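Undergrad: Input: one structure, supplied below.
There are 4 protein chains.
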Amino acid sequence: MARPPQPILAVNFKAYHPYSFGERALRLARAAEKVAKETGITVIVAPPFTEITRIAENVEIPVFAQHVDPVEPGARTGYIPLEAVKEAGASGTIINHSEHRLRASDIAWLVEKARSLGLQTLVCADTPVVAAAVAVMAPDMIAVEPPELIGTGIPVSKAKPEIVTDTVKLVEKHNPHVTVLTGAGISSGEDVAAAIRLGTSGVLVASAIVKSENPYSKMVEMAAQALKAWEKYR
Amino acid sequence: MARPPQPILAVNFKAYHPYSFGERALRLARAAEKVAKETGITVIVAPPFTEITRIAENVEIPVFAQHVDPVEPGARTGYIPLEAVKEAGASGTIINHSEHRLRASDIAWLVEKARSLGLQTLVCADTPVVAAAVAVMAPDMIAVEPPELIGTGIPVSKAKPEIVTDTVKLVEKHNPHVTVLTGAGISSGEDVAAAIRLGTSGVLVASAIVKSENPYSKMVEMAAQALKAWEKYR
Amino acid sequence: MARPPQPILAVNFKAYHPYSFGERALRLARAAEKVAKETGITVIVAPPFTEITRIAENVEIPVFAQHVDPVEPGARTGYIPLEAVKEAGASGTIINHSEHRLRASDIAWLVEKARSLGLQTLVCADTPVVAAAVAVMAPDMIAVEPPELIGTGIPVSKAKPEIVTDTVKLVEKHNPHVTVLTGAGISSGEDVAAAIRLGTSGVLVASAIVKSENPYSKMVEMAAQALKAWEKYR
Amino acid sequence: MARPPQPILAVNFKAYHPYSFGERALRLARAAEKVAKETGITVIVAPPFTEITRIAENVEIPVFAQHVDPVEPGARTGYIPLEAVKEAGASGTIINHSEHRLRASDIAWLVEKARSLGLQTLVCADTPVVAAAVAVMAPDMIAVEPPELIGTGIPVSKAKPEIVTDTVKLVEKHNPHVTVLTGAGISSGEDVAAAIRLGTSGVLVASAIVKSENPYSKMVEMAAQALKAWEKYR
């Protein structure tokens, strides 16, 4: 499995109101940038479509879309093709989040087209088998997230560590160039450390940061534990 | 049927590349604002989600979303609830465009919730019967657009004028408070005049303006004909 | 509102396993036919697609599909157009059940096409406004079913009687030719009586009959109460 | 790649009217059974949901559903879970046909659940990469069908033979236990022979047989060529 030079903290803003929108969204992105600069880990922010432009203008860390529609640009009212998020300043996109699943053919199409446009892809998968299938499509990153744990605060690394280790093994077998992240239920630095200990390169996290009273300290805590585990286990 | 104080020109940017995005999208919105100020007609611009923030910050005419997802805010990765477009500065939204149809229950839910949030709604319908059904849900505006004419340059007012007049009649019967627009195939000032002559209050138009070499003059032409017809037929 | 000559008991088999399939499905349909013959009320059975043929060959009461896909026949792998359920022996179809919502345009298209094929339509709606919108499309029957009550055993007639009475009023206003049924949470003869007392012509019911230990007696109980209420309130 | 003992001719009835329904559907299934018996090749028939019961009662060759819905049995009005097609007498199902694409997670879930129910799976894929991704999920069969060729009468084996050979190679690499078929544009015995020559074990075919004036002779022609090529190339 491909290990990036430093651990990854991908922050999915989802569509929490008021947290994920407007001035708050911008503040959250700036806090993420600060953590990235101070700790050296990679922090990716994934705001809603409507917030990408402003955030991308204001921070220098990678900004990802949460989703893209599997369509070419054109007469596609209300759809957001890859070109739209690129124009908005995004450098990549989440694809196939458990709250926004896509058809197998569309994932393959989007991953390939994103590559040709210079956009990175982080594809979500609910099981090791789906993660391995997606690995064949060669995205940059895969996050394994059992849907039944998303938003629960119960980390997959604790509830079902074998899902993480099986994913790492299967992805390694089918496409060793893909970076694997752990998602679902990540809420503390300890969970991030466990994700890295189990063989993945970081986490995809949402409410624990976005709805936190102090997102900055939460991210600092996660980054610190990520770096410690990174030293020890990679 | 409710007649607004002046004719309406609603410009759907769709997702044409590069026309509907970035600097070009902003220029188009500014040209629309100029036309609104110079002629006194109402010009609504409907850019893609990713362009709403910047356009809403820069123009004073109504900015509509092209679509909203029928979801509450929350753990809804990649979806755009009404709250998101409101936070982005939109004052309304298109709903149920022929390229993005919604379930009947969702249209009703969105129209009612938009009202409670102070957002206007422009609901598309493909036939007089669907327009009348939607009128029962009490949106601000309905645009009748036979899908087979969208993007053809053949105006419904010419190809199937009875679709427009039947819509006006049926909407009037089921909910006289709704404003009716004509969509589909509008490409000239003449088409706009026909739309008003047939009893509607304006048009919903896309490629003829968005992909025009000179969107400003195209809008000026449409506005001029709209005003002439408005004097004569309202 | 159109009142049929006798009250209606529409039985949605859903996809309960093993209740809704095979030999059991056929027995259930035969029990329904027996109740219809013995009591004189109209009993409609709506089995899964895969059971329509056999049931339609074996009973003489109306057999409805639970759903139809809004497509023309042709290269439509895995879809079931209206022609398919007609060929299978169905005399009508449920449309837009809360578990299988359809787009507004598709409901209108299906209702009209079903009429031209001689198939009856029973369209579900979650609110009085949606019911009224659907009434404009002129189906034969509308069942109002607040989704939050479906399968709860709490009848809408008890929990939210105003939803039923508002539906009756609004449908009457927009299209008096449509028959209205009450759905959601119907589990006893008393609930059926309440449905008729509130102004509707019968009920759409599922689990209370399909998963009953003795579907025949449950239907007899409902039919008896329906007839009593019918005498009193229609 | 897994080679079955004899070549496979899978006949997708689609939803052609009147060809795919009623008496005609049954006659077509019987002709397929005759061809299977006379030639020794495997013929699979895939009729619409509404025709499965009757056909499965009348023929002894494998009957597949054209699609299944990725749902558990229960309160699922109008959906067809795996249990429904099993009860109806099917021995397997097509999944992810280009006219009925499914989400990656749902394909994986259906393939695994079908296996546990003793149902076979034939999963369609539009590209070699998607075929390889699906192979990771371990269905019994994969049919590669570039959607742009479906229904054209231009066989993929002629227009894009490298799609077939790349699929064979990639599937072999990721899961050698899966049988590969060629779909899209197959219309003659020659096309079937080409499919086998390029390394696949047979074909998935629809209109060329279903809408043929004489489906029996068309199938005999295909079976004959399949057997000849089978001798030569397997």
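Note that the protein sequences, when read in sequence, are chains A, B, C and D.
The end of the first sequence is residue 234 by the numbering used here, with every number in the run present.
The end of the second sequence is residue 1234 by the numbering used here, with every number in the run present.
The end of the third sequence is residue 2234 by the numbering used here, with every number in the run present.
The end of the fourth sequence is residue 3234 by the numbering used here, with every number in the run present.
Note that the Cβ used here is the ideal one computed from N, Cα and C, for glycine as well.
These numbers were taken from a predicted model, which means no experiment stands behind them.
Are the CB atoms of G78/A and C124/A within a distance shorter than 8 Å?
TA: With respect to G78/A, C124/A sits apart: the two C-beta atoms are not nearer than 8 Å.
Undergrad: Unbroken alpha helix (DSSP H) runs of length 4 or more, entirely within the segment 149 to 209 of chain A: which are they?
TA: The qualifying runs are 156 to 159, 161 to 174, 189 to 197.
Undergrad: Specify, as a first and last residue, the run of the alpha helix (DSSP H) that T3053/D falls within.
TA: 3049 to 3058
Undergrad: Taking I3107/D as part of the beta strand (DSSP E), name the residues at either end of that continuous run.
TA: First-last for I3107/D: 3104 to 3117, but that is the alpha helix (DSSP H), not the beta strand (DSSP E).
Undergrad: Can you list, in chain order, the residues of its chain with a C-beta nearer than 6 Å to that of R1003/B? Leave out the 5 residues immediately preceding and following it.
TA: S1201, R1234
Undergrad: Which of the residues in the segment 2079 to 2112 of chain C, read from start to end, lie with their CB under 7 Å from any CB of chain B?
TA: Residues N2096, R2101, L2102, R2103, A2104, S2105, I2107, A2108.
Undergrad: Taking only the alpha-carbon atoms, compute the straight-line gap between H177/A and V43/A and give it to the nearest angstrom.
TA: 20 Å
Undergrad: Out of L3149/D, S3116/D, H3100/D, which has the shortest C-alpha to C-alpha gap to E3083/D?
TA: Checked all of L3149/D, S3116/D, H3100/D; the closest Cα to E3083/D is S3116/D.
Undergrad: Under 8 Å: do the segment 3044 to 3056 of chain D and the segment 3012 to 3025 of chain D share three or more Cβ pairs, one atom per stretch?
TA: yes
Undergrad: Are three or more beta carbon pairs between the segment 210 to 226 of chain A and the segment 134 to 152 of chain A nearer than 8 Å?
TA: Output reads no: the segment 134 to 152 of chain A does not touch the segment 210 to 226 of chain A.
Undergrad: Taking the alpha-carbon of N12/A as reference, which of Q225/A, D126/A, Q6/A, A143/A has the nearest alpha-carbon?
TA: A143/A
Undergrad: Taking 8 Å as the threshold (beta carbon to beta carbon), is I2154/C in contact with chain D?
TA: No, I2154/C lies away from the interface with chain D (no Cβ there is under 8 Å from its Cβ).
Undergrad: Does M3137/D have its Cβ less than 8 Å from a Cβ in chain A?
TA: Chain A has a Cβ within less than 8 Å of the Cβ of M3137/D.
Undergrad: According to DSSP, is Q2006/C helix, strand or coil?
TA: coil
Undergrad: Give the C-beta separation of L3227/D and P3007/D to the nearest angstrom, bearing in mind that I take them to be a contact with Cβ-Cβ under 8 Å.
TA: 7 Å
Undergrad: When DSSP builds the beta bridges, which residues end up paired with L3122/D?
TA: I3094/D, M3141/D
Undergrad: Going by C-alpha to C-alpha distance, which of H97/A, V130/A, G92/A sits closest to A3108/D?
TA: V130/A
Undergrad: Taking CB distances under 8 Å as the criterion, tell me whether F1064/B reaches chain A.
TA: So no, F1064/B is outside the interface.
Undergrad: What in chain A is Cβ-close to T1200/B, meaning under 8 Å?
TA: Chain A residues near T1200/B: none, gap ~20 Å exceeds 8 Å.
Undergrad: Please classify T2039/C: does DSSP put it in a helix, a strand, or coil?
TA: helix
Undergrad: Which one or two residues does DSSP pair with A2046/C in a beta bridge?
TA: When beta bridges are read from the DSSP output, A2046/C appears opposite N2012/C.
Undergrad: So is D2099/C buried or exposed if we call it buried at 16+ other beta carbons inside 10 Å?
TA: The sequence given here has Glu at residue 2099/C, not Asp. Its Cβ being crowded by 16 or more others within 10 Å, E2099/C is buried.
Undergrad: Got a sec: is the Cβ-Cβ distance from K1211/B to anything in chain A below 8 Å?
TA: Not one chain A Cβ lies under 8 Å of K1211/B.
Undergrad: Which residues of chain C have a Cβ atom closer than 8 Å to the Cβ of P3215/D, listed in chain order?
TA: The contacting residues do not exist; P3215/D stays about 17 Å from chain C at best.
Undergrad: V130/A touches chain D at which residues, Cβ-Cβ below 7 Å?
TA: A3104, S3105, A3108
Undergrad: What is the residue span of the alpha helix (DSSP H) that Y2216/C lies within?
TA: Counting along the chain, Y2216/C sits inside the alpha helix (DSSP H) bounded by residues 2215 to 2233.
Undergrad: Within the continuous alpha helix (DSSP H) that includes P2147/C, where are the two ends?
TA: If you look at P2147/C, you'll find it isn't in any alpha helix (DSSP H); DSSP assigns it neither H nor E.
Undergrad: Give me the Cα-Cα distance between S1157/B and L1122/B, rounded to the nearest whole angstrom.
TA: 19 Å
Undergrad: Which of the three DSSP states, helix, strand or coil, is assigned to A3025/D?
TA: The answer is helix: DSSP assigns A3025/D an H, G or I state.
Undergrad: With DSSP run on the structure shown, which of helix, strand or coil describes V1063/B?
TA: strand
Undergrad: Would a C-beta distance cut-off of 8 Å place A3138/D and N3096/D closer than the cut-off?
TA: Not a contact, by the Cβ cut-off of 8 Å.
Undergrad: Any heavy atom of the ligand ADP closer than 7 Å to the beta-carbon of A3194/D?
TA: With respect to the ligand ADP, the structure offers nothing, as it holds no ligand at all.
Undergrad: Grab me the residues of V3059/D's own chain with a C-beta within less than 8 Å of its C-beta, minus the 5 sequence neighbours each way, in chain order.
TA: A3029, R3030, A3032, E3033, V3045
Undergrad: Smallest Cα separation from K1173/B: which of V1136/B, V1111/B, M1219/B?
TA: V1136/B
Undergrad: If you compare alpha carbons, which of T93/A, V68/A, P73/A is closest to A1015/B?
TA: Relative to A1015/B, the option among T93/A, V68/A, P73/A whose CA is nearest is P73/A.
Undergrad: If I measure Cβ to Cβ from K3235/D and keep anything under 6 Å in the same chain, skipping five residues before and after, which residues do I get?
TA: This structure leaves residue 3235/D out entirely; chain D is present only between 3001 and 3234.
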